[in-house]
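A.B. asks:
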Ligand code: UDP
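In the working numbering, the protein residues as written are 13 to 352.
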């Protein structure tokens with residue numbers, strides 16, 4: 013299939029483009045490069061454009077004879093969404109409307125949508141299933157929930173088929189070292205911990221150590237970006253006209269902030285300076301996925317999502333990307349004796 017990958021120059025979209033190409037599909041990346049990177053587009057044509065530009069989207073779909081869409085283009089950074097809610101709703105919701113209009117104009121009728129566990133908001137229903145009540149708390153979570161809703165309404169009205177994939181905490185980098193995560197500023201736990209390991213920050217601040225968990229720090233379900241990418245490719249072949257199926261993607265296993273720091277020390281062989289800080293507003297104590305539906309329907313198998321593997325691939329990516337020096341792949345297995 014020829015697949016338009018909106019946001020395909022971003023972290024998850026670029027891994028999906030690679031997985032599509034490896035599975036014999038043809039990805040065409042459409043990205044504004046607002047937060048994406050040109051270097052991340054390596055597996056097919058690139059179209060530089062804004063997701064709200066319905067005419068350019070339709071022209072691209074026609075020019076490349078697109079069969080299906082994977083929709084990653086979004087404002088995905090929660091603090092920016094809180095600070096600029098209008099921008100969040102415009103990029104996320106206006107952008108999705110433009111994409112759906114372009115699909116309707118050109119007869120493209122399949123969509124895989126990049127959703128998030130933020131659609132659920134804080135919940136005591138852990139592990140979360142797809143039926144967990146949805147009470148998002150940030151403009152980001154609200155807008156993603158609205159995007160799912162708009163896609164479902166278009167599916168019902170125009171016979172589109174879709175799959176919405178609700179990710180938990182995405183981590184790791186391409187196992188071959190070709191692509192990885194680069195956000196500015198970086199706020200996600202694993203890269204922040206590794207920046208502290210590399211000496212690029214003086215310490216990692218733990219956002220609260222008085223939660224009702226085993227060691228007092230928040231527990232999250234980390235899933236490897238390469239496992240997610242494969243699930244997107246699998247989702248393409250399950251699309252059924254007129255409906256949008258939703259699936260959680262996580263491992264079902266949670267790790268605390270302190271466990272992540274310990275694993276990072278193990279993988280890097282370095283002592284990581286830590287400080288205890290206050291709770292971060294809106295942080296639930298524990299978030300884990302019940303991904304049994306994705307296992308059953310998408311053959312989802314998060315076999316790259318062992319914590320040390322995710323951290324080792326992020327570490328390798330960070331060191332190679334920032335120094336330009338390609339490292340031996342031993343690091344990917346978390347060899348703690350190799351110093352870098
Ligand atoms: N966290 C932390 N220190 C940091 C960054 C994150 O203690 O410098 C915590 C954060 O409060 C949350 C967990 O690590 O409990 C995962 O945070 P992240 O931002 O990676 O993902 P989120 O769960 O917020 O989507």
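Where is the CB? At the ideal position from N, CA and C, for every residue including glycine.
Please state the DSSP three-state secondary structure of residue 337.
C.D. replies: Residue 337: coil per DSSP, three-state reduction.
A.B. asks: When burial is assigned at 16 or more other CB atoms within 10 Å of the CB, is residue 290 buried or exposed?
C.D. replies: Exposed, by the Cβ-count rule.
A.B. asks: Run through DSSP, which three-state label would residue 282 get?
C.D. replies: Note: residue 282 maps to coil in three-state DSSP.
A.B. asks: If residue 108 sits next to residue 163, beta carbons under 8 Å apart, how far is it from one beta carbon to the other, in whole angstroms?
C.D. replies: 7 Å between Cβ atoms; contact.
A.B. asks: For residue 73, which of helix, strand or coil comes out of DSSP?
C.D. replies: Of the three classes helix, strand and coil, the one that applies to residue 73 here is helix, per DSSP.
A.B. asks: According to DSSP, which residues form a beta bridge with residue 287?
C.D. replies: BP columns for residue 287 point to 217.
A.B. asks: Give the straight-line distance between the Cα atoms of residue 312 and residue 21, rounded to the nearest whole angstrom.
C.D. replies: Those two C-alpha atoms are separated by around 24 Å.
A.B. asks: Decide if residue 236 is buried, meaning its Cβ has at least 16 other Cβ atoms within 10 Å, or exposed.
C.D. replies: It counts as buried.
A.B. asks: Give a yes or no on whether the minimum CB-CB distance between residue 301 and chain C is below 8 Å.
C.D. replies: In the structure shown, chain C does not exist; there is a single protein chain.
A.B. asks: Considering only heavy atoms of the ligand UDP, does any lie closer than 7 Å to the CB of residue 199?
C.D. replies: For the ligand UDP, at least one heavy atom lies less than 7 Å from the Cβ of residue 199.
A.B. asks: Contact defined as beta carbons within less than 8 Å: I believe residue 102 pairs with residue 46. What is the distance between those atoms, to the nearest angstrom?
C.D. replies: The Cβ separation is near 12 Å, so there is no contact.
A.B. asks: Could you tell me the boundaries of the beta strand (DSSP E) in which residue 14 lies?
C.D. replies: Where residue 14 is concerned, the enclosing beta strand (DSSP E) stretches over 14-18.
A.B. asks: Under 8 Å by Cβ, that's how I've got residue 192 and residue 329 pegged, so tell me the actual separation to the nearest angstrom.
C.D. replies: Contact holds; Cβ gap of about 3 Å.
A.B. asks: Do you know how far the Cα of residue 183 is from the Cα of residue 104?
C.D. replies: Roughly 22 Å between the two C-alpha positions.
A.B. asks: Return helix, strand or coil for residue 41, following the three-state DSSP convention.
C.D. replies: In the structure shown, residue 41 sits in a strand (DSSP, three-state: E or B).
A.B. asks: If I follow the unbroken alpha helix (DSSP H) through residue 223, where does it start and stop?
C.D. replies: That residue, residue 223, is in no alpha helix (DSSP H); it is neither H nor E in DSSP.
A.B. asks: Hey, residue 83 and residue 126 are a contact pair by Cβ (cut 8 Å); roughly how many whole angstroms apart?
C.D. replies: Confirmed, about 6 Å.
A.B. asks: DSSP has residue 261 in a bridge; who is on the other side?
C.D. replies: Its beta-bridge partners are 179.
A.B. asks: How about residue 103: is its Cβ closer than 7 Å to a heavy atom in the ligand UDP?
C.D. replies: No, the ligand UDP has no heavy atom inside 7 Å of this Cβ.
A.B. asks: So, for residue 59: in the same chain, excluding its five sequence neighbours on each side, which residues have a beta-carbon less than 6 Å away from its beta-carbon?
C.D. replies: Correct list, in chain order: 42, 72.
A.B. asks: So, are the CB atoms of residue 296 and residue 134 less than 8 Å apart?
C.D. replies: Yes; because the gap between Cβ atoms is below 8 Å, this pair is in contact.
A.B. asks: Is any non-hydrogen atom of the ligand UDP found closer than 7 Å to the C-beta of residue 181, if you look at the structure I gave you?
C.D. replies: Yes, the beta carbon of residue 181 sits closer than 7 Å to at least one heavy atom of the ligand UDP.
A.B. asks: Would you call the CB atoms of residue 285 and residue 172 closer than 8 Å?
C.D. replies: Not closer than 8 Å, so no.
A.B. asks: Under 8 Å, do residue 272 and residue 320 count as touching if we go by C-beta distance?
C.D. replies: No.
A.B. asks: Does the ligand UDP have even one heavy atom less than 7 Å from the beta-carbon of residue 100?
C.D. replies: No, the ligand UDP has no heavy atom inside 7 Å of this Cβ.
A.B. asks: Can you tell which of 77, 79, 37, 86 has its C-alpha closest to the C-alpha of residue 61?
C.D. replies: Closest by alpha carbon: 86.
A.B. asks: Which residue marks the beginning of the beta strand (DSSP E) containing residue 353, and which one marks its end?
C.D. replies: Beyond the ends of the chain as shown, which are 13 and 352, falls residue 353; an answer cannot be given.
A.B. asks: Return helix, strand or coil for residue 352, following the three-state DSSP convention.
C.D. replies: Note on residue 352: pLDDT 34, under 50, position unreliable in the model; no value is reported.
A.B. asks: Verify the contact flag: residue 219, CB atom, against every heavy atom of the ligand UDP, threshold strictly below 7 Å.
C.D. replies: Flag set: Cβ of residue 219 near the ligand UDP.
A.B. asks: How many Å lie between residue 18 and residue 26 at the Cα?
C.D. replies: Straight-line Cα distance between these residues: approximately 10 Å.
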